[in-house]
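The structure under discussion appears below in the form of structure tokens.
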Amino acid sequence: MSKDVKSVIGEFHQVVNMTPKELETWLDTDESQTVGQKDGDDESIGHKSGQRIIQLLQKKDDYTDDDLSHMKKVVSYVRRHMAQRPSGDLEHTRWYYSLKNWGHDPLK
20 MSKDVKSVIG
30 EFHQVVNMTP
40 KELETWLDTD
50 ESQTVGQKDG
60 DDESIGHKSG
70 QRIIQLLQKK
80 DDYTDDDLSH
90 MKKVVSYVRR
100 HMAQRPSGDL
110 EHTRWYYSLK
120 NWGHDPLK
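In this text, residue positions in the sequence shown follow the numbering used here: the first is 20, and each later residue adds one.
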């Protein structure tokens with residue numbers, strides 16, 4: 020495994036701080052369904068990403084190029100949105116809900 024691939028996997032596991040079970044439970048909530056851009060269907064891009072993240076977390080290795088590409092997308096999304104952290108109570112914000120859809124609970 021190349022150094023770059025190891026780096027991508029490491030960064031992914033660093034920003035995704037929810038377990039597959041925590042993420043699965045979150046994605047079943049009404050709050051999870053209320054945020055994100057829709058891409059022509061009823062499920063938002065972030066919600067779909069959350070489903071994919073669960074699969075990636077359950078893999079131990081043997082990642083495909085598509086898996087690694089999605090991991091990079093997750094890392095980029097989480098870092099970009101963490102830089103836009105709003106002030107005040109975060110727990111009931113669209114910002115918080117959206118990050119959780121992408122596997123990152125900023126209140127952890």
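C-beta atoms are modelled at their ideal positions from N, C-alpha and C, and glycine is treated no differently.
task: Would you tell me roughly how many angstroms separate the C-alpha atoms of M101 and P125, rounded to the nearest one?
output: Sequence index remark: in the sequence shown, residue 101 carries index 82 (1-based). Sequence index remark: in the sequence shown, residue 125 carries index 106 (1-based). Cα to Cα, the separation comes out at about 8 Å.
- prompt: Based on the DSSP secondary-structure assignment, which residues constitute the bridge partners of Y127?
  reply: For the purposes of this step, residue 127 is identified with residue 108 of the sequence shown, where counting begins at 1. One detail in the question is off: residue 127 reads as Lys in this sequence, not Tyr. For K127, DSSP assigns no beta-bridge partner whatsoever.
message: Can you tell me whether L109 is buried or exposed? The criterion is at least 16 other CB atoms within 10 Å of its CB, across all chains shown.
response: As a working note, residue 109 is residue 90 in the sequence shown. Residue burial is scored here from C-beta neighbours: L109 has fewer than 16 other C-beta atoms within 10 angstroms and is therefore classed as exposed.
- prompt: What three-state label does DSSP hand S26 in the structure shown?
  reply: Indexing the sequence shown from 1 puts residue 26 at position 7. Reduced to three states, the DSSP call for S26 is helix.
- prompt: Based on the DSSP secondary-structure assignment, which residues constitute the bridge partners of S63?
  reply: As a working note, residue 63 is residue 44 in the sequence shown. For S63, which the question treats as bridged, DSSP gives the partners K57.
message: Under 8 Å, with one C-beta from each stretch per pair, do the segment 43-50 and the segment 82-94 reach the 3-pair mark?
response: no
- request: Buried or exposed for G69, please, with buried defined as at least 16 other CB atoms from any protein chain shown within 10 angstroms of its CB.
  value: To locate residue 69, count along the sequence shown from 1; it is residue 50. It counts as buried.
- request: Would you mind giving the Cβ-Cβ distance between G122 and V35, rounded to the nearest angstrom? I have them listed as a contact below 8 Å.
  value: Position 103 of the sequence shown holds residue 122. Position 16 of the sequence shown holds residue 35. Their Cβ separation, rounded to whole angstroms, is 4 Å, which keeps G122 and V35 in contact under 8 Å.
Closest Cα partner of F31 within the set R104, K79, E62, R113: Translated into the one-based positions of the sequence shown, residue 31 becomes position 12. Ranking R104, K79, E62, R113 by Cα distance to F31 puts K79 first.
- request: Pull up the distance between the alpha-carbon of L42 and that of Q74, whole angstroms please.
  value: Position 23 of the sequence shown, counting from 1, holds the residue named residue 42. Position 55 of the sequence shown, counting from 1, holds the residue named residue 74. The straight-line gap separating the alpha-carbon atoms of L42 and Q74 is approximately 11 Å.
task: Answer yes or no: do V54 and S95 have a C-beta to C-beta separation smaller than 7 Å?
output: Looking up residue 54 in the sequence shown gives position 35. Looking up residue 95 in the sequence shown gives position 76. Going by C-beta atoms, V54 is not nearer than 7 Å to S95.
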